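What follows is a short report on a single structure.
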Amino acid sequence: MHPLVTQSQIDAFQRDGVALIKGLFAAEVETLRQGIDRNLASPGPYAAENLKPGDTGRFFDDYCNWTRIPEFETVIHNSAAGPVAAALMQSKRVQVFHDHVLVKEPGTSKPTPWHQDGPYYFADGLQNVSFWSPMDPVTSASLRCVAGSHLWDKPVLPTRWLSETDFYPDTGAYMPVPDPEAEGMEIKEWEMQPGDAVAFNFGVLHGARGNTSTTRRRAFSLRLLGDDIRYVERPGPTSPPYPGHGMKPGERLREDWFPVIYETT
Numbered sequence: 396m397h398p399l400v401t402q403s404q405i406d407a408f409q410r411d412g413v414a415l416i417k418g419l420f421a422a423e424v425e426t427l428r429q430g431i432d433r434n435l436a437s438p439g440p441y442a443a444e445n446l447k448p449g450d451t452g453r454f455f456d457d458y459c460n461w462t463r464i465p466e467f468e469t470v471i472h473n474s475a476a477g478p479v480a481a482a483l484m485q486s487k488r489v490q491v492f493h494d495h496v497l498v499k500e501p502g503t504s505k506p507t508p509w510h511q512d513g514p515y516y517f518a519d520g521l522q523n524v525s526f527w528s529p530m531d532p533v534t535s536a537s538l539r540c541v542a543g544s545h546l547w548d549k550p551v552l553p554t555r556w557l558s559e560t561d562f563y564p565d566t567g568a569y570m571p572v573p574d575p576e577a578e579g580m581e582i583k584e585w586e587m588q589p590g591d592a593v594a595f596n597f598g599v600l601h602g603a604r605g606n607t608s609t610t611r612r613r614a615f616s617l618r619l620l621g622d623d624i625r626y627v628e629r630p631g632p633t634s635p636p637y638p639g640h641g642m643k644p645g646e647r648l649r650e651d652w653f654p655v656i657y658e659t660t
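According to my numbering, the sequence shown holds residues 396 to 660 in order.
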């Protein structure tokens, strides 16, 4: 058992699909801030500005940059993320899937829409975890997760954040995006300090309010994979797409692209 994670947190993660890990990246906050600055100054091919005309503030996101941003690579390999992920997932090995940076400047009106990450991905299985960690103190702009939603019978149809259009054709395999507050769902959210992390399963419905504060809300997310993850085809191009990966349904994700960062004997 890693000292940053307890059995009660593991139980919560398995039951609810979400748990708070205090101080997971506390020692890496300055390194991650520098990496986010580098990412903002040099966006990658998937970078997006998520505001429409008339929206206030700025909502930037970008992903799959850890191989070109040394600060992210250092944190991925040297932080406690690997062993903590293994404990939460109950997995013997941990692979990197990708990183994700989300920045909401002060006065950003747009919320992060309710969504599940899993339906966007070609990685299928229950042993997975995302760590969402703010680099600034957060209160109202914290991550919000619907407890138990990773165990729903149907996944939620993914949508595009800016255009608000469906990501895949609606074949009946997906459910519409629900309204957790209107439907009385149990929503987990926490006030957080820089370096704290929300750990949540790819299948958990989550979102975040806009940033109405006077300070920035920079967040670093790290997506990690466990033992049972296999490649799966979706009804259309996935996000991230990883063109040319060459994998076939049912295969483990290739380790030269998605390296193992932690393994127990």
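Glycine included, C-beta positions come from ideal geometry on N, C-alpha and C. These numbers were taken from a predicted model, which means no experiment stands behind them.
- Here G598 has Q511, G513, H545 as same chain residues with Cβ atoms under 6 Å from its own Cβ, once five neighbours each way along the sequence are excluded.
- In this structure L419 is buried. Its beta-carbon is surrounded by 16 or more other beta-carbon atoms within 10 angstroms.
- Listed in chain order, the non-local C-beta contacts of M396 below 7 Å within the same chain comprise A482, local neighbours out to five positions each way being set aside.
- By a beta-carbon distance limit of 8 Å, R618 contacts F492. Their separation comes to about 4 Å.
- Taking every protein chain shown into account, the CB of D651 has fewer than 16 other CB atoms within 10 angstroms, so this residue is exposed.
- Residue environment for A594: buried (at least 16 other C-beta atoms within 10 angstroms of its C-beta).
- Membership of L435 in the alpha helix (DSSP H) is indicated by the continuous run 424–436.
- Taken through DSSP and simplified to helix, strand or coil, L415 comes out as strand.
- Leaving aside the five residues that flank M587 on each side, the residues in its chain whose CB is nearer than 6 Å to its CB run, in chain order, P529, V533, S537.
- Here the C-alpha atom of P448 lies approximately 16 Å from the C-alpha atom of K499.
- Look at M570 here: in three-state DSSP terms it is strand.
- At a cut-off of 4 residues, not a single continuous stretch assigned as alpha helix (DSSP H) sits fully inside the stretch 478–544.
- DSSP lists L497, P529 as the bridge partner or partners of A614.
- Note on D406: under 16 other CB atoms within 10 angstroms of its CB, so exposed under the neighbour-count rule.
- Secondary structure note for I656: its beta strand (DSSP E) is the uninterrupted segment 655–658.
- Apart from sequence neighbours up to five positions away, the residues of its chain that approach A421 with a beta-carbon distance below 7 Å are G590, ordered along the chain.
- With fewer than 16 other Cβ atoms inside 10 Å of its own Cβ, D574 counts as exposed.
- Under the Cβ criterion (8 Å, minimum of three pairs), the stretch 426–446 counts as touching the stretch 465–478.
- By the Cβ-count criterion, A480 is buried, with 16 or more other Cβ atoms from all chains shown falling within 10 Å of its own Cβ.
- No Cβ-Cβ contact shorter than 7 Å links D494 with R612.
- Ranking K417, W556, A475, P478 by CA distance to the CA of D457 puts W556 first.
- Taking C-beta separations shorter than 8 Å and ignoring five residues to either side along the sequence, the partners of Q522 in its chain run M484, Q485, S486, L620, G621, D622, D623, I624, following chain order.
- Here Q409 is actually not in contact with F653; their C-beta atoms are around 23 Å apart, not less than 8 Å.
- Look at V599 here: in three-state DSSP terms it is coil, with no helix or strand label.
- Note on G477: 16 or more other CB atoms within 10 angstroms of its CB, so buried under the neighbour-count rule.
- If you compare the alpha carbons of G412, F615, P508, K549 with that of A568, the shortest gap goes to K549.
- Excluding five sequence positions before and after Q404, the CB atoms of its chain that fall closer than 6 Å to its own CB belong to A414, given in chain order.
- Per DSSP, the unbroken beta strand (DSSP E) holding F455 starts and ends at 454–458.
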